[in-house]
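Have a look at the structure below, then the notes.
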């Protein structure tokens, strides 16, 4: 087999493997159970606290954003 053919086969196999991995990841996301609302809000709070600690947002911005998300997640809106 020529070098070009070997490169094509190798590249095609790598592309196919990454496509299979992406499909498996997508399936795991779609089929995974949705966390309870309180668990989701705990994660939101932790993420926003970390963003405040890294000076990415202000505490006021974090509180405002968390309140908006709480209304959507906990309020069902």
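Numbering (the numbering used here), first residue to last: 14 to 90. For glycine and all other residues, C-beta sits at the position ideal for the given N, C-alpha and C.
Contact between residue 82 and residue 57 holds: their C-beta atoms lie close to 5 Å from each other, under 8 Å. Here residue 49 carries a coil assignment [DSSP, helix/strand/coil]. Counting only the Cα atoms, residue 80 lies some 18 Å from residue 69. As the crow flies, the alpha-carbon of residue 49 is around 16 Å from that of residue 59. With a beta-carbon spacing of about 15 Å, residue 52 and residue 61 fall beyond the 8 Å limit used to define contacts.
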